[in-house]
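Novice: Under this note's numbering, the first residue of the sequence shown is numbered 649, with each subsequent residue one higher. Glycine included, every Cβ here is placed at the ideal spot set by N, Cα and C. Computed from a predicted model, the values in this text were never measured in an experiment. Here it is, the structure, as C-alpha cells.
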Amino acid sequence: MRKIVWLGGGLVALLGVLVAVVFLVDFDSPRLGKALLDEVSAQTGLHIEADGFRLNLVRGLRLDGVRFASDGPSGRLTVQAAGLLAEHRLAPLLHRRVEIDRIVVYQPRIELVTPPEEAPVARPAPVAKPVAAPTAVPASAASQAPGEPTVPGGPLLAVDRIWVRDGTLATRVEGAEAPDVEIRGLNVELRDLALEDAPSALQGLHAGGDLHTGEILLGGLRATEGSGKLRLAEGHFRLEEFGLKLPQGRFLLGEFDADLNRDPFAYRLALRVDPLDANAVLAAGPGGGFGPGILSFGATGTGTETRDMSGDGALALAAGRLPGSPLFTAIETVLGRAALKGSAYEPVTVPFRIREDRLHVSPFELRTSLLSLGISGWADLAGPMDLKIAVRAPRDAVTLARVPGEVLDLVADEGWVTVPLRVVGTLESPRVTADREALEAQGRRAARTVVRQQVERGVSRVLGKLFGHH
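Below, the structure written as C-alpha cells:
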C-alpha cells in the first residue's frame, strides 16, 4: 500500500512538473510570432518587425524589440517598443486556434520626424488598402468539440483591450536633436475594440478608453498629471475632458478631434484654462499684480506645425493692480510723470486670434485709476511683438522727451491728452517710443482748429459791429 501511495505521489509530482512546464515556461515561437505579425501587417498595411518571440500558454505570446515605420506628407513616423504581449484565450488555443484577447505594449517610443520648413519634402500619401471584414467569434467557439472542424489559418484577432504602458511620444524637425514636443509617461487603455469593414483598418477601428500622461514638454513649458477620455471611430481620434497641471493654472482641453483619414491630418480643438496665472503668462515680474484670468480658445489646423493652426480666443482678466513688469515700467519712463505700477485696473477682456504663428490682439481698453490704455497689435509666437498703445492721461501727468510741452498743451482736450505709443521687442525686453509723427499730426489738426475758431470769433465780432450787435 505504501508503494502505491509513493507511486501515486510521484505520478502527481510528475504531472505537476509537466503542467508547470507547459503552462508557465516560455517557448521560442518564431512561427507563431511571424504569423501574428503577418496578420497584423495585413490588417494595418504596415510592415512590423520584432527581434524575438516567446510563447507562454498562460500569459500568451510576447514579442521583444517590436518596431515599424511609416512615411507620409507629415513626415516619417517610427515606433519602437521594448515588448508586446498578446494575451490569448486558452480554450480556443486547445482547439488549435489563437484568439488574441488583450495586447499590452511596453515602453513604446513613438516619434514623428517632420521635414524642415525651409526645405519641405513632398512625400506621396499612402494608398489606402482595403481591409477584409473581421472574422466573427461564434459564441460556441470555446465549447466546440475536438472532432468538429476548426477555423484554419493564422491568429484570430478578436482583441478586446489594448494597453500602452510607460510610453514616449515625440515630434521633432529633421536634423534637430531635441524634440519640439515630448510626452513622457504615456499610459493608454483602449476598451471595446471592434474592427468593422472599411476601406482601411484605421477607418474601421472603433474603441474608447482612457489616456494618462506623466509629463508634457513643449519648448520651455512643462505640464504634468494629464488625464482624459479618448475615442477612435471612422478614422477620427477624439480626446475629451483632458486636464493638465500647468505652472500657469489648470488646463482643460474640452475637445480635440483629429481626422486621421487625411495626411497630414486635420484637427479642431477647444480649450480652457481656469484659473490662469496671468502674471506668469504676461511676464509680470516679481510680486505680480494681475488678477486671475480665464483663457478660452478654439482652433482648427492640419499637421503638427503651429503655423498651420488658425484660431480665436479671449483672455478675461479679473480686477487687480498693474505690475511692475518691463512693459509698464517702459511706458512709465516714456510718459515721464505717470506712475502705472500698483494702479488699480478694472476687469477687462482681451480678444485675440492666431494666424500663421502670430497672435493678433484685437483693440481693447485697459482702464486704471489714473489713465486708460487702448491696445492693439500682434505678437509672434516666437517672441517678437509690435503693439500700438494710445494712452489717455491727465495733461499734467505727461512730459515727453523731445516733444515740446506746447504741443501737448495744444492737443489737450479738457485737461486730458492722448499719447500714441509703439512697443516692439519682447515682453521681457520691450522698447517703447512715443509716436512723434502722430503727435505732430494731432498738433497740426489742433492748430488748424484753433486758427479756425479764432477766425470765426473775429468774423463774428466784425459782423456784430457792422450790423449793430454789441
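Tell me, to the nearest whole angstrom, how far the beta carbon of residue 965 is from that of residue 1046; I am working on the premise that it is less than 8 Å.
Specialist: The residue labelled residue 965 in the question sits at position 317 within the sequence shown. The residue labelled residue 1046 in the question sits at position 398 within the sequence shown. About 25 Å separates the two Cβ atoms, so there is no contact after all.
Novice: Going by DSSP, what residues sit across from residue 1075 in a beta bridge?
Specialist: The residue given as residue 1075 occupies position 427 in the sequence shown. Its beta-bridge partners do not exist; DSSP assigns none.
Novice: Given a threshold of 16 other Cβ atoms within 10 Å of its Cβ, counted over all protein chains shown, does residue 770 qualify as buried or as exposed?
Specialist: Reading the sequence shown from its first residue, position 122 is the one you call residue 770. Reliability fails at residue 770, whose pLDDT of 43 lies under 50, so the model's placement of it is uncertain and the value that follows must be treated cautiously. It counts as exposed.
Novice: Considering only their Cβ atoms, is the gap separating residue 1014 from residue 1020 smaller than 8 Å?
Specialist: To locate residue 1020, count along the sequence shown from 1; it is residue 372. To locate residue 1014, count along the sequence shown from 1; it is residue 366. The answer is yes: Cβ separation under 8 Å.
Novice: When the Cα atoms are used, what is the spatial distance from residue 943 to residue 1062?
Specialist: Residue 943 sits at position 295 when you count from the first residue of the sequence shown. Residue 1062 sits at position 414 when you count from the first residue of the sequence shown. Straight-line Cα distance between these residues: approximately 38 Å.
Novice: Helix, strand or coil for residue 893 per DSSP?
Specialist: Here residue 893 refers to the residue found at position 245 of the sequence shown. Residue 893: strand per DSSP, three-state reduction.
Novice: What's the call for residue 861, buried or exposed, on a 16-neighbour Cβ count within 10 Å?
Specialist: In the sequence shown, the residue the question calls residue 861 occupies position 213. Residue 861 comes out buried.
Novice: DSSP three-state label for residue 979, please.
Specialist: Looking up residue 979 in the sequence shown gives position 331. Helix at residue 979.
Novice: Tell me residue 877's beta-bridge partners as DSSP assigns them.
Specialist: Translated into positions along the sequence shown, residue 877 becomes position 229. 858, 888.
Novice: Keeping to the same chain, check which residues put their C-beta closer than 7 Å to that of residue 697; ignore five residues upstream and five downstream.
Specialist: For the purposes of this step, residue 697 is taken as the residue at position 49 of the sequence shown. The answer, listed in chain order, is 715, 716.
Novice: With DSSP run on the structure shown, which of helix, strand or coil describes residue 956?
Specialist: The residue given as residue 956 occupies position 308 in the sequence shown. Residue state, collapsed to three classes: helix.
Novice: Go ahead and pull the three-state DSSP assignment for residue 1126.
Specialist: No information on residue 1126 is available, as it lies outside the stretch 649 to 1118 that the chain covers here.
Novice: Please name the residue or residues paired with residue 1002 in a DSSP beta bridge.
Specialist: On the sequence shown, position 354 is the one that residue 1002 refers to. Bridge partners of residue 1002: 959, 1007.
Novice: Compare the C-beta of residue 1020 with all C-beta atoms of chain C and state if any pair is closer than 8 Å.
Specialist: Given the protein chain composition of this structure (a single chain), no chain C is represented.
Novice: In three-state DSSP terms, what is residue 735?
Specialist: Locating residue 735 in the sequence shown gives position 87, where the first residue counts as 1. In the structure shown, residue 735 sits in a strand (DSSP, three-state: E or B).
Novice: Are the beta-carbon atoms of residue 907 and residue 936 separated by less than 8 Å?
Specialist: For the purposes of this step, residue 907 is identified with residue 259 of the sequence shown, where counting begins at 1. For the purposes of this step, residue 936 is identified with residue 288 of the sequence shown, where counting begins at 1. The answer is no: Cβ separation not under 8 Å.
Novice: Within the continuous beta strand (DSSP E) that includes residue 1041, where are the two ends?
Specialist: For the purposes of this step, residue 1041 is identified with residue 393 of the sequence shown, where counting begins at 1. Residues 1033-1042.
Novice: Between which residues of its own chain and residue 1074 is the CB-CB distance below 6 Å, once the five residues before and five after are set aside?
Specialist: Looking up residue 1074 in the sequence shown gives position 426. So the qualifying residues of the chain are 1031.
Novice: Just how far apart, CA to CA, sit residue 819 and residue 758?
Specialist: Residue 819 sits at position 171 when you count from the first residue of the sequence shown. Residue 758 sits at position 110 when you count from the first residue of the sequence shown. Straight-line Cα distance between these residues: approximately 9 Å.
Novice: If you count every other CB in all the chains shown that lies within 10 Å of the CB of residue 839, and 16 or more means buried, which is it?
Specialist: Residue mapping note: residue 839 aligns to position 191 of the sequence shown, counting from 1. When all chains shown are included, residue 839 counts as exposed.
Novice: Which full runs of the beta strand (DSSP E) of 3+ residues lie inside the segment 907-949, going along the chain?
Specialist: Entirely contained in the segment 907-949, the beta strand (DSSP E) runs reaching 3 residues are, in chain order, 914-924.
Novice: Take residue 822 and list the residues in its own chain whose beta-carbon comes closer than 7 Å to its own, dropping the five residues that flank it on each side.
Specialist: The sequence position of residue 822 within the sequence shown is 174, counting from 1. Only 761, 762, 763, 764 meet the Cβ criterion.
Novice: Taking buried to mean at least 16 other C-beta atoms within 10 Å of its own C-beta, is residue 695 buried or exposed?
Specialist: Locating residue 695 in the sequence shown gives position 47, counting from the first residue. Exposed, by the Cβ-count rule.
Novice: Determine contact between the segment 889-908 and the segment 923-931, defined as no fewer than three beta-carbon pairs at a distance below 8 Å.
Specialist: As far as the Cβ criterion goes, the segment 889-908 touches the segment 923-931, which means the pair count is three or higher.
Novice: By the DSSP assignment, the beta strand (DSSP E) with residue 752 in it spans what residues?
Specialist: Walking along the sequence shown from the start, residue 752 turns up at place 104. Unbroken beta strand (DSSP E) run through residue 752: 748-762.
Novice: Apart from the five residues on each side of it in sequence, which residues of its chain come closer than 8 Å, Cβ to Cβ, to residue 981?
Specialist: As a first step, residue 981 is located in the sequence shown; it is residue number 333 there, counting from the start. Cβ within range, chain order: 1080.
Novice: Would you check whether the ligand FAD has a heavy atom nearer than 7 Å to the C-beta of residue 894?
Specialist: Absence of the ligand FAD is noted for the structure shown, with no ligands found whatsoever.
Novice: Can you tell me which of 827, 1026, 987 puts its alpha carbon nearest to the alpha carbon of residue 1011?
Specialist: Looking up residue 1011 in the sequence shown gives position 363. Closest option to residue 1011, Cα to Cα, is 1026.
Novice: By how many angstroms is the C-alpha of residue 848 removed from the C-alpha of residue 699?
Specialist: Along the sequence shown, one-based indexing puts residue 699 at 51. Along the sequence shown, one-based indexing puts residue 848 at 200. Going from the Cα of residue 699 to the Cα of residue 848 covers about 27 Å.
Novice: In the DSSP assignment, what are the bridge partners of residue 830?
Specialist: As a working mapping, residue 830 is identified with position 182 in the sequence shown. The partner list for residue 830 (beta bridge, DSSP) reads 818, 865.
Novice: Could you check if residue 870 is buried or exposed, using at least 16 other CB atoms within 10 Å of its CB as the buried criterion?
Specialist: Within the sequence shown, residue 870 is the residue found at index 222, counting from 1. That one is exposed.
Novice: Terminal residues of the continuous beta strand (DSSP E) containing residue 712?
Specialist: By 1-based counting over the sequence shown, the position of residue 712 is 64. Element bounds for residue 712: 708-720.
Novice: In the structure shown, what three-state DSSP assignment does residue 1081 receive?
Specialist: Counting from one through the sequence shown, the residue named residue 1081 turns up at place 433. Three-state result, residue 1081: strand.
Novice: Can you say whether residue 971 is buried or exposed, counting buried as having 16 or more other CB atoms within 10 angstroms of its CB?
Specialist: Within the sequence shown, numbered from 1, the residue matching residue 971 stands at position 323. Buried, by the Cβ-count rule.
Novice: Given this structure, state the Cα-to-Cα distance separating residue 1017 from residue 922, to the nearest angstrom.
Specialist: In the sequence shown, counting from the first residue as 1, residue 1017 sits at position 369. In the sequence shown, counting from the first residue as 1, residue 922 sits at position 274. Each residue's Cα considered, the two are about 27 Å apart.
Novice: Near residue 967, what residues of its chain come up, given a Cβ to Cβ distance below 8 Å and the 5 sequence neighbours on each side ignored?
Specialist: The sequence position of residue 967 within the sequence shown is 319, counting from 1. Here the set comprises 939, 992, 993, 994, 995.
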